[in-house]
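**Student:** What follows is a structure written as structure tokens; I'll ask about it next.
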Amino acid sequence: MSTPAPWPALRDDLELLRGPVVTGAPTWSLYDPARHRYVRLGSMEMEILQRWDLADPDTIARIVHEQTTFDTQSADVTAFAAFLQQAGLTTAQTSADTALLARQARRPPLLSWILHHYLFLRVRLCNPDPVLKRCVPLTDWLFTRRFCIGLALAVGLAVILVVQQWSLYAAGFMHLITPQGAIGIALALTCSKMVHELGHGIAARHFGCRVPAMGVAFLVLCPVLWTDTTDAWRLVRARDRLVIDCAGMVAEIMLATLATIIWSVIPDGPLRDGLFTLSSSTWILTLSVNLSPLMRFDGYYILSDLMGIPNLQERAFAWTRWRTRKFLFGMDTPPPEVFPTYRGLMLTGYSMATWLYRFFLFTGIALVVYHAVFPALGVVLMGIEIWFFIARPIMGELAQWARQALHAPGSRRVHITGAAFAILIALLLLPWSHTVRAPAVLRAKGQSMLYTQDPGQVVRLLPTGSLVRAGETVAELRSPQLDHDRAVSIARLATLEATLSERLFGVEDTASLDDTRDRIEQETAERLRAEAAIRQLTLTAPFDGMLVDVPPEIHVGDTLKQHDYIGSIITRDHATIEAYVYETDISFIQPGAEASFMTDSPGAKQITGHVQSISVASVPEIDALEQASLYGGHIKAHRDETSHRLVPEEAVYQVIILPDGPLPPIRRRIRGMARIHATATSFLQRTYRKIVSVFMGEAGL
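Structure below.
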């Protein structure tokens, strides 16, 4: 027969405080000085705690049930006792209790510590409480009605001044996207966030709360200032806690208002630019970030105190998970806590909005981390980010759903949910036909783009629309520098050859003879190089066709630079579609696949065709200038400084599509999008291939 576990004894250093009234019911707070943590207790928990010395769950539940209106069960008392033990609020009486405390105090493995603190690390910098305590008499005026009215008037004045000079104020935002502007924003944010945290500290000390620490936290290596205002849990009035919640934003608004007013009256210069950066960045971040209740910023704590629900996110998440499981599996399990219907709907909507916001936020942070470091480390850090913040919570909830389904296998709701999941899995696993969208151009089947090989002056250029034969001269340039180089080489050769023919060399002049011959070879090579360059200044048609796309700004007598575009030769009889498919999609396309093309022009007709060929390797440069991002196209590309070619930033493959029917003669390239029918594959297969291709690309395989 097993010996019952001894009744847990509460620690002697705990402090019981009266809490605020929430939805008409009193609450209490249990303060743990060892961890500087507060635990909020409801009325039933307080009734149980008052009879803790009875040391028996059945007895405590029975007396609470008899003497109060609470329908307390023995399981409620046992669960409360387990919670107090897990929270470390009881003394260790058994070896199991000692082992639990040892596990809680044990330092995690080094790898686990690094992974956790890479995501979040808090560093304490100072204890501002003594200074803030001495400043209380000097800052009491900040919490008066007169100050609030004055601040509101000052904000109104700042808004009016900005509206009057709005064009000048809006023009200043262009400076913020420069490197100097980024440095200015960083300095402005540092200043405003210091004022923000100081505002929280002053407000907390005004209401008698200790502020034992200020410091900096690193959220995914991004520094964020913080102030410890945990003592605000001591406050009974919700209004006082709301003042502490809003104090940081009010301090920033004061700073932004002052900077805006001064900016509007001082002359142009570095000081005015700095004030604009301070005011604009402070206004924008205060309204867009701090007011958001979806992350643990000021807006979250304001909403929590307005609703009277501490730990709002955890309780909303628990409530929504319970509602979801009840809806999916029909389980008749008690809710984590009882809320009125309207409040339950609010918590459900809030938690769903927070989950959706977190999904996109953490995905975006993962992508930023991926691009912020070198690719190999970026992939690892992005994987850690996605696993901890997205994948692990989802997998944990799915595992809980599986356990719920196993506990009620015969339930009708379980059968409906199981069928819905089976259909969803089938949709993910079964192969489905799909289309690949790719940037494309409609062009002549045969085309050749003409570029200058060397700088030169235009002496002849055919007009656009000219019909040319293969080998016919399209453009002719003249380079005075090349003509001079050739003339100099010819003159030097004549001099050297004359010297060689007229001079008699003796045995002792053999070295001089060899030197003269070497110089003749060098000058001959220089002459040939100059003549070859001069020949390249004449551009000829590679085949019969039409000259198109001659830039209208080029005229005879103009000087062109190296690699300047002067037009294209196209065939007149056939048209083709040239598409650029990204590496992640190229494996789903086969020659002969159906395709269609739609130009970017509104009202254009769709052109159908079939894939004729697919390039074996990714293209080294973009021939279709219209589709390069530098010219407003869809393919991200940059111009190589050496070769002046348009190099794609991602691997793309050229796909040639032949139209099904004849088309009118194409006189210019037309930009659009191609839709190519891909082989039937499942959604999971496509996702897997894309992920593998990204990792292999980053690994250089």
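The opening residue of the sequence shown carries number 311 in the working numbering; numbering runs sequentially from there.
Built from N, CA and C at the ideal position, the CB exists for glycine as well.
Predicted model, so just to flag it, every value in this text is computed and none were measured.
Can you tell me which of the three DSSP states residue 907 falls into?
**Tutor:** Reduced to three states, the DSSP call for residue 907 is strand.
**Student:** Excluding the 5 residues flanking residue 468 on each side, which residues of the same chain have their C-beta closer than 7 Å to its C-beta?
**Tutor:** 567, 570 and 571
**Student:** If you reduce the DSSP assignment to three classes, tell me which class residue 252 lands in.
**Tutor:** The structure shown does not extend to residue 252, since the chain is modelled only from 311 to 1011, so the question has no answer here.
**Student:** Just list the residues that DSSP pairs residue 965 with in beta bridges.
**Tutor:** 889 and 924
**Student:** Out of 834, 895 and 957, which has the shortest C-alpha to C-alpha gap to residue 995?
**Tutor:** 895
**Student:** Could you give the DSSP three-state label for residue 435: helix, strand or coil?
**Tutor:** strand
**Student:** Assuming residue 712 contacts residue 695 (C-beta within less than 8 Å), just tell me the rounded distance between them.
**Tutor:** Rounded, the Cβ-Cβ distance is 26 Å, inconsistent with contact.
**Student:** Whose C-alpha, out of 751, 876 and 440, is nearest the C-alpha of residue 907?
**Tutor:** 751
**Student:** Return the first residue and the last residue of the alpha helix (DSSP H) that residue 489 is part of.
**Tutor:** 489-516
**Student:** To the nearest angstrom, report how far apart residue 970 and residue 905 are at their CA atoms.
**Tutor:** Going from the Cα of residue 970 to the Cα of residue 905 covers about 10 Å.
**Student:** Can you list the beta strand (DSSP E) stretches of 3 or more residues lying completely in the segment 449-481, in chain order?
**Tutor:** none
**Student:** Please name the residue, chosen from 396, 434, 667 and 621, that lies closest to residue 533 on a Cα-to-Cα basis.
**Tutor:** Among 396, 434, 667 and 621, the Cα nearest to that of residue 533 is on 434.
**Student:** Within its chain, find whatever has a CB closer than 7 Å to the CB of residue 639; leave out the 5 residues flanking it on each side and keep chain order.
**Tutor:** Only 714, 715, 718, 721, 723, 724 and 727 meet the Cβ criterion.
**Student:** Grab me the residues of residue 482's own chain with a C-beta within less than 6 Å of its C-beta, minus the 5 sequence neighbours each way, in chain order.
**Tutor:** 586
**Student:** Tell me which same chain residues have a C-beta within less than 7 Å of the C-beta of residue 991, skipping the five on either side of it?
**Tutor:** 741 and 898
**Student:** Under a three-way DSSP split, which group does residue 708 fall into?
**Tutor:** helix
**Student:** Would you call the segment 508-525 and the segment 534-542 touching, i.e. three or more CB-CB distances under 8 Å?
**Tutor:** yes
**Student:** Is the beta carbon of residue 595 sitting closer than 8 Å to the one on residue 603?
**Tutor:** no
**Student:** Find out if the Cβ-Cβ distance for the pair residue 542, residue 509 is shorter than 8 Å.
**Tutor:** no
**Student:** On the criterion of 16 or more Cβ atoms from any shown chain inside 10 Å, does residue 828 qualify as buried, or is it exposed?
**Tutor:** Classification of residue 828: exposed, given that the 10 Å Cβ count is below 16.
**Student:** What's the C-alpha gap between residue 601 and residue 560?
**Tutor:** In this structure, the straight-line span from the alpha carbon of residue 601 to that of residue 560 is close to 11 Å.
**Student:** With a cut-off of 8 Å on the beta carbons, I'd call residue 923 and residue 966 a contact; round off their distance for me.
**Tutor:** 5 Å
**Student:** How big is the Cα-Cα spacing for residue 592 and residue 472?
**Tutor:** A direct Cα-to-Cα measurement between residue 592 and residue 472 gives close to 14 Å.
**Student:** Measuring CB to CB, does residue 939 end up less than 8 Å from residue 963?
**Tutor:** no
**Student:** Helix or strand or just coil, what does DSSP make of residue 311?
**Tutor:** Legend: pLDDT at residue 311 = 42, less than 50; position of this residue unreliable, value from coordinates given subsequently. Residue 311: coil per DSSP, three-state reduction.
**Student:** Determine the direct distance from the alpha carbon of residue 324 to that of residue 343, and round the result to whole angstroms.
**Tutor:** 7 Å
**Student:** Report the three-state DSSP secondary structure of residue 850 (helix, strand or coil).
**Tutor:** strand
**Student:** Pull up the distance between the alpha-carbon of residue 457 and that of residue 443, whole angstroms please.
**Tutor:** 21 Å
**Student:** Starting from residue 745, trace the beta strand (DSSP E) both ways and give me its first and last residue.
**Tutor:** 745-754
**Student:** Could you pull the start and end residues of the beta strand (DSSP E) that residue 877 belongs to?
**Tutor:** 875-880
**Student:** How big is the Cα-Cα spacing for residue 372 and residue 619?
**Tutor:** 29 Å
**Student:** Buried or exposed: residue 555, going by 16 or more other Cβ atoms within 10 Å of its Cβ?
**Tutor:** buried
**Student:** Ignore the nearest five residues each way along the sequence and tell me which others in residue 438's own chain have a CB closer than 7 Å to its CB.
**Tutor:** 511, 521 and 524
**Student:** I believe residue 320 touches residue 378 by the beta-carbon criterion, under 8 Å. Please report the beta-carbon distance rounded to the nearest angstrom.
**Tutor:** About 21 Å; that fails the 8 Å criterion.
**Student:** Going by the DSSP bridge assignment, what does residue 741 pair with across the sheet?
**Tutor:** Answer is none; residue 741 lacks a bridge partner.
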